[in-house]
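What follows is a short report on a single structure.
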Amino acid sequence: MRSGFVRRFWEVLPAILSWGTLATLIALSWKAPMFVAIFIVLYDLYWLLKSLYLLVYLHVAFRRMKKNVETDWPRKLEASGSRWREIYHLIILPSYREPYEVVKASMESFFANRYPRERLIVVLATEERGGEPDREVAARLTAEFGNLPLRFFVTIHPANIPGELPGKGSNETWAAKKVIEEVIDPLHIPHENVLVSVFDSDTRPGPDYFSVLTNAFLTAARPHRSSYQPIPLYMNNIRKVSVFARLNAFSSSFWQFMQQGRPEQLVTFSSHSMPLQELIEVGFWNTDIVSEDSRIFFQCLNRYDGDWRTVPLFYPVSLDAVSGTTTFESLISLYKQQRRWAWGIENIPFIGMEFGGNPRVTLRKKIFWMLVGLEGFWSWATSSFVIFLFGFLPNTLGGDAFRETIVSYNLPQITGTIINISMVGIVASAIASVLLLAPELRRERFKWYYYAWYAVQWALIPFTFIIFSAIPALDAQTRMVLGGKFKLGFWRTPKQQAGNS
4 MRSGFVRRFW
14 EVLPAILSWG
24 TLATLIALSW
34 KAPMFVAIFI
44 VLYDLYWLLK
54 SLYLLVYLHV
64 AFRRMKKNVE
74 TDWPRKLEAS
84 GSRWREIYHL
94 IILPSYREPY
104 EVVKASMESF
114 FANRYPRERL
124 IVVLATEERG
134 GEPDREVAAR
144 LTAEFGNLPL
154 RFFVTIHPAN
164 IPGELPGKGS
174 NETWAAKKVI
184 EEVIDPLHIP
194 HENVLVSVFD
204 SDTRPGPDYF
214 SVLTNAFLTA
224 ARPHRSSYQP
234 IPLYMNNIRK
244 VSVFARLNAF
254 SSSFWQFMQQ
264 GRPEQLVTFS
274 SHSMPLQELI
284 EVGFWNTDIV
294 SEDSRIFFQC
304 LNRYDGDWRT
314 VPLFYPVSLD
324 AVSGTTTFES
334 LISLYKQQRR
344 WAWGIENIPF
354 IGMEFGGNPR
364 VTLRKKIFWM
374 LVGLEGFWSW
384 ATSSFVIFLF
394 GFLPNTLGGD
404 AFRETIVSYN
414 LPQITGTIIN
424 ISMVGIVASA
434 IASVLLLAPE
444 LRRERFKWYY
454 YAWYAVQWAL
464 IPFTFIIFSA
474 IPALDAQTRM
484 VLGGKFKLGF
494 WRTPKQQAGN
504 S
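All letters in the sequence shown, in the order written, are residues 4 to 504 by my numbering.
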């Protein structure tokens, strides 16, 4: 009974903090507008300083990624000795009703990698519920890649296994167990020499990804107590999606850039890698949750009593931005994708109960990760409203007495000035996005005004952040409170192509 109450507390806490903040600011704008006005000014100043602080990390990570992309990694590995030749890479590619062209492009990127192909084991993890389309894709890929000097293996995850949530985590776990049983153990490959990379079906790693990963593993301070995180760039189809999907894709990528610069807060996300032996010891990925990519980090953090970290690779993997057959469909898909990402709040009860209840973890580490988690989801759901909308509330709801004060007169100018100064972050992001796109634009001989158009689109960031970031986050937190049929299951991002925007 008590454990059920405690779990429920952690489930509803993010929504209480987020909705409580917004409701309190609205109510106090009517009853105590002076307090809200001062709070909003201070909050805007805080975000200005935080934006400048994060901008430094964006710059540093961008430069380190550029350097890593230009490094001759095979030569660097050869110069490091022979240990790297013992490292194998198990690549798990979950696929459920994915277009053949999407999965094939990912497979080709593995084949084009400059790491020795005989050290790669690629698993196409299909679903029984995918039916004939999945079987046909698997057969075509087997015909194309089955005879290459890498080991290509297809698994079929059975449907309707009791206690499992149909989705990526349960499929990955099934695939990993099957390939260990049928490939790795029969070949007598030591588990401690295998690194597992879990990719989305549209993930295309750069040509030196596995060399970079191998080097990071061999040089890490605690290689078997670490996950390894590349920078996800949603660039595969970036010119063919709606402007809002494009802005969200860049924003998500830049957030990962910033997080790479502060690894003490870095949690595994989307495509990532980790040692096989530790994956086995931790019990593989949870099969009954949606956010398996971040949960595996907290599983390891708990299993090893806080002795786990995520090592940033400062190297890109490219994925698809959200698209659809129509603009409206792509916007709906974008909203659902952001809501699914925000469903990472399901990790809060795990942190609060499992990790927080581990007596071998220091109190400081427990508090740190709980505050990082809660602050992240709270800011995600509230900051865009406070910064871009709530500056008008005191003057709108505060009454005539407040509107006659000097604070009321100056509030729009003060908040507007702070927000304008904060635009330096948006301008820097716009420049960075054009730099990322520049090679492709030059290849296709785009005119100069295309560069300007991609930069100008960043003016839509306030609207994008509210509609396609803050509201989906509030939606996810509210669904966690309501529970039952409102809880989210795994949602597969569609991989259609949209028209140019």
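From the three backbone atoms N, C-alpha and C, an ideal C-beta is built for every residue, glycine too.
None of these values were measured; they are calculated from a predicted model.
Problem - Identity of the residue in P362, F380, I354 nearest W372 by Cα - result: I354
Problem - Where S336 falls, given that 16 or more other Cβ within 10 Å makes a residue buried - result: buried
Problem - Buried/exposed call for I370, threshold 16 Cβ in 10 Å - result: Counting Cβ neighbours within 10 Å, I370 comes out exposed, since fewer than 16 surround it.
Handout entry: S297: first and last residue of the uninterrupted alpha helix (DSSP H) it sits in
Key = Per DSSP, the continuous alpha helix (DSSP H) segment holding S297 begins and ends at 295–306.
Problem - P475: first and last residue of the uninterrupted alpha helix (DSSP H) it sits in - result: 474–485
Handout entry: Residues that S321 bridges to, as DSSP identifies them
Key = R207, L236
Practice task
Reducing DSSP to helix, strand and coil, say where P97 ends up.
Solution key: If DSSP states are grouped into helix, strand and coil, P97 belongs with the strands.
Practice task
Output the distance between the C-alpha atoms of G376 and N350, rounded to the nearest integer angstrom.
Solution key: 8 Å
Exercise for the section: Return the first residue and the last residue of the alpha helix (DSSP H) that E281 is part of. Expected result: 279–284
Exercise for the section: Going by DSSP, name the residue or residues bridged to H194. Expected result: According to DSSP, H194 bridges with nothing at all.
Exercise for the section: Please list the segments of the beta strand (DSSP E) lying wholly inside the segment 52–122, counting only runs of 3 or more residues, in order along the chain. Expected result: Runs of the beta strand (DSSP E) inside the segment 52–122: 91–97.
Handout entry: Residues near I348 in its chain [Cβ-Cβ closer than 7 Å; skip 5 each side]
Key = P17, F380, A479, Q480, M483
Practice task
Starting from S276, follow its DSSP beta bridges and name the residues at the other end.
Solution key: S200, Y231
Exercise for the section: Determine the DSSP secondary structure at V215, reduced to helix, strand or coil. Expected result: helix
Handout entry: Cα-Cα separation between V15 and A30, rounded to whole angstroms
Key = 21 Å
Handout entry: Member of S256, A115, A26, G359 whose CA lies at the smallest distance from the CA of S274
Key = S256
Practice task
Flag this pair as yes or no: are the beta carbons of P397 and A40 separated by less than 8 Å?
Solution key: yes
Exercise for the section: Indicate whether L304 and V199 have their beta-carbon atoms separated by less than 8 Å. Expected result: no
Handout entry: Range covered by the alpha helix (DSSP H) that runs through I390
Key = I390 -> alpha helix (DSSP H) spans 366–391.
Practice task
Pull up the CB-CB distance for L392 and S32, whole angstroms please, since I reckon it's below 8 Å.
Solution key: In fact, because the Cβ distance is near 11 Å, the residues do not count as touching under 8 Å.
Handout entry: Assigned secondary structure, A223 (DSSP; H/G/I helix, E/B strand, else coil)
Key = coil
Practice task
Grab me the residues of F405's own chain with a C-beta within less than 7 Å of its C-beta, minus the 5 sequence neighbours each way, in chain order.
Solution key: For F405, where only same-chain residues beyond five positions count, the Cβ hits under 7 Å are P36, M37, P397, S411.
Practice task
Report yes if the C-beta of N289 is less than 7 Å from at least one heavy atom of the ligand SAM; otherwise report no.
Solution key: Summarising the ligand content, the structure contains no ligands, and the ligand SAM is consequently not present.
Handout entry: Helix, strand or coil at F156 according to DSSP, with G and I counted as helix
Key = strand
Practice task
Since I believe H160 is in contact with A178 (beta carbons under 8 Å), could you give me their beta-carbon distance rounded to a whole number of angstroms?
Solution key: A178 to H160, Cβ: 7 Å. Contact.
Practice task
Could you spell out where the alpha helix (DSSP H) holding K488 opens and where it closes?
Solution key: No alpha helix (DSSP H) holds K488; DSSP gives it neither H nor E.
Practice task
For T313, count neighbouring Cβ atoms within 10 angstroms of its own Cβ and tell me buried if that reaches 16, exposed if not.
Solution key: Result: buried.
Handout entry: For P315, the residue or residues it bridges with in DSSP
Key = Q232.
Handout entry: Given S6 as reference, the closest of K107, L463, R363, M356 once Cα atoms are compared
Key = M356
Problem - Top-ranked residue by Cα proximity to T329, from D296, V246, D310 - result: V246
Problem - Straight-line gap, S504 to P465 (C-alpha atoms, nearest Å) - result: Bear in mind that a pLDDT of 37 at S504, under 50, signals an unreliable position, so the number given afterwards is only what the model happens to contain. Approximately 19 Å, taken between the alpha carbons.
Exercise for the section: Could you pull the start and end residues of the alpha helix (DSSP H) that Q268 belongs to? Expected result: For Q268, no alpha helix (DSSP H) segment is defined, and its DSSP state is neither H nor E.
Handout entry: Contacting residues, own chain, Cβ-Cβ under 6 Å from A248 (five flanking each side not counted)
Key = A324, V325, S333, L337
Problem - the segment 101–113 / the segment 72–91 touching (three or more Cβ pairs under 8 Å) - result: no
Handout entry: N350 - containing alpha helix (DSSP H), residue span
Key = 350–353
Exercise for the section: Spatial neighbours of I19 within its chain, please: CB distance less than 6 Å, with the 5 preceding and 5 following residues excluded, ordered by chain position. Expected result: none
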